[in-house]
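Read the structure below first, then the notes.
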Amino acid sequence: MRIEVAGSTHVGMKRNHNEDNYLVLTEENLVCVADGMGGHSSGEIASRIAVDELGEFFRMTSKDQDATWPFKMDKQRNYDENRLSTGIKLANARIFERATTDSKYKGMGTTIVSVHFADSAAYVGHVGDSRVYFFRGGILQQVTEDHSLLNDYLKAKKLTPEEIENFPHKNVIVRALGMKEQVQVDVTRVDPLENDVFLLCSDGLSGMITDAQMQDILSRTPELEKACGQLIDLANAAGGNDNVTCVLARWHNA
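With this note's numbering applied, the sequence shown corresponds to residues 218 to 471, in that order.
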């Protein structure tokens with residue numbers, strides 16, 4: 218198994234600083250995107266802690282698989298699922314601790330989406346409304362489910378396209394790292410085939426362009442770095458209301 222990866226982030230057209238961070242840890246076959254929130258620079262701090270802690274946990278557990286984990290294993294999950302979930306929970310604990318002990322970081326938090334490629338599977342872990350998509354055979358599918366107030370409304374009752382468009386609290390997320398001492402992490406397994414592509418992004422991308430537009434770019438642009446740039450450019454051309462971050466990872470069987 219070999220993973221081909223490209224990633225990029227842009228401040229967007231309306232913000233004066235970038236609160237997104239992303240991680241490409243090739244030696245551990247791990248990629249992630251984090252979209253920070255909070256006043257001043259605290260969102261940037263939260264997203265940086267998230268990617269750093271997750272990466273460090275994977276490095277540590279790779280060197281010493283018998284190392285003591287900060288959280289108990291979930292017996293309903295396998296080793297790789299537990300490893301990804303635990304790394305994200307550890308990041309949450311670090312952000313929550315920083316936010317509660319330093320007043321200038323009070324209320325900071327971040328979303329996170331991550332994919333860990335192991336043996337014949339890809340494990341997707343996430344908290345918040347950043348997304349992971351899966352591109353196969355010209356078709357793009359969303360893997361993650363937004364932890365947002367809008368999505369809760371969509372699940373509870375059917376909204377018309379007009380109601381969705383005019384929903385007043387589109388940016389409200391109901392789950393994020395740093396909000397509480399403990400966090401629930403969603404983990405999904407995907408079984409990739411040769412040349413399948415995973416797209417990880419902040420809502421600065423998914424909130425500005427449609428899934429169909431993303432699918433079109435991936436269909437027309439096999440070069441991952443070029444596709445990444447085109448996706449970000451399109452989001453900025455559509456208004457660039459937020460920071461825009463995109464990571465693309467292609468699966469190869471050998």
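Positions of the beta carbon are idealized from the N, C-alpha and C atoms, including for glycine.
For Phe-288, does the count of other Cβ atoms within 10 angstroms reach 16, so buried, or fall short, so exposed?
As a working mapping, residue 288 is identified with position 71 in the sequence shown. It is exposed - the Cβ of Phe-288 has fewer than 16 other Cβ atoms within 10 Å.
What does a CB cutoff of less than 6 angstroms around Asp-297 pick up in its chain, not counting 5 residues either side in sequence?
If you number the sequence shown from 1, residue 297 lands on position 80. Result list for Asp-297: Ala-335 and Tyr-340, in chain order.
For Ala-455, which residues from the same chain have a beta carbon less than 6 angstroms from its beta carbon, with the 5 sequence-adjacent residues on both sides left out?
In the sequence shown, counting from the first residue as 1, residue 455 sits at position 238. Annotation for Ala-455: Met-425 and Ile-426 place their beta carbon closer than 6 angstroms to its own, counting only its chain and skipping 5 residues before and after.
Measure from the alpha carbon of Val-400 to the alpha carbon of each residue in Asn-470, Pro-409, Gly-326 and Ser-347, then state which is nearest.
For the purposes of this step, residue 400 is identified with residue 183 of the sequence shown, where counting begins at 1. Comparing Cα positions, the closest option is Gly-326.
So Arg-353 packs on Asp-428, CB below 8 angstroms; how close in whole Å?
Here residue 353 refers to the residue found at position 136 when the sequence shown is read from its first residue. Here residue 428 refers to the residue found at position 211 when the sequence shown is read from its first residue. With 8 angstroms as the limit, Arg-353 and Asp-428 do not qualify as a contact, their Cβ atoms being about 14 angstroms apart.
In three-state DSSP terms, what is Ser-331?
Taking the first residue of the sequence shown as 1, we reach residue 331 at position 114. Here Ser-331 sits in strand by DSSP.
Looking at Asn-460 and Arg-473, is the spacing between their C-beta atoms short of 7 angstroms?
The requested residue 473 is not part of the displayed model; the chain covers only 218 to 471.
Closest by CA to Gly-255, which one among Leu-417, Leu-394 and Thr-438?
Sequence index remark: in the sequence shown, residue 255 carries index 38 (1-based). The candidate whose alpha carbon is nearest that of Gly-255 is Leu-394.
Just the C-alpha distance for Ile-305 and Lys-323, rounded to the nearest angstrom, thanks.
On the sequence shown, residue 305 is found 88 positions in, with the first residue counted as 1. On the sequence shown, residue 323 is found 106 positions in, with the first residue counted as 1. Near 20 angstroms, if we compare the C-alpha coordinates of Lys-323 and Ile-305.
How many angstroms separate the CA atom of Leu-441 from the CA atom of Leu-465?
Against the sequence shown, residue 441 aligns to sequence position 224. Against the sequence shown, residue 465 aligns to sequence position 248. Rounded to the nearest angstrom, the gap between the Cα atoms of Leu-441 and Leu-465 is 6 angstroms.
Assign Gly-355 to one of two classes, buried (16 or more other C-beta atoms within 10 Å of its C-beta) or exposed (fewer than that).
For the purposes of this step, residue 355 is taken as residue 138 along the sequence shown, with counting starting at 1. For Gly-355, the number of other beta carbons within 10 angstroms of its own is below 16, and it is reported as exposed.
Using the rule of at least 16 other Cβ atoms within 10 Å of the residue's Cβ for burial, across every protein chain shown, is Arg-348 buried or exposed?
Along the sequence shown, one-based indexing puts residue 348 at 131. Buried.
Can you list, in chain order, the residues of its chain with a C-beta nearer than 6 angstroms to that of Arg-311? Leave out the 5 residues immediately preceding and following it.
Looking up residue 311 in the sequence shown gives position 94. Contacts found: Ile-266 and Glu-270.
Express the C-alpha separation of Val-228 and His-234 in angstroms, rounding to a whole number.
As a position in the sequence shown, residue 234 is number 17, starting the count at 1. As a position in the sequence shown, residue 228 is number 11, starting the count at 1. Roughly 6 angstroms between the two C-alpha positions.
Go ahead and label Glu-261 buried or exposed: buried means 16 or more other beta carbons lie within 10 angstroms of its beta carbon, across all protein chains shown.
Taking the first residue of the sequence shown as position 1, residue 261 is located at position 44. Buried is the call here.
In the DSSP assignment, the beta strand (DSSP E) including Ile-220 goes from what residue to what residue?
Here residue 220 refers to the residue found at position 3 when the sequence shown is read from its first residue. Boundaries of the beta strand (DSSP E) harbouring Ile-220: 219 to 227, taken from the DSSP string.
Based on DSSP bridge pairs, tell me the residues matched to Trp-468.
Locating residue 468 in the sequence shown gives position 251, where the first residue counts as 1. According to the DSSP secondary-structure assignment, Trp-468 is paired through a beta bridge with Ile-220.
Taking the beta carbon of Asn-246 as the centre, do at least 16 other beta carbons fall within 10 Å, making it buried, or is it exposed?
Taking the sequence shown and counting its residues from 1, the one referred to as residue 246 is at position 29. Looking at its Cβ environment, which holds 16 or more other Cβ atoms inside 10 Å, Asn-246 is buried.
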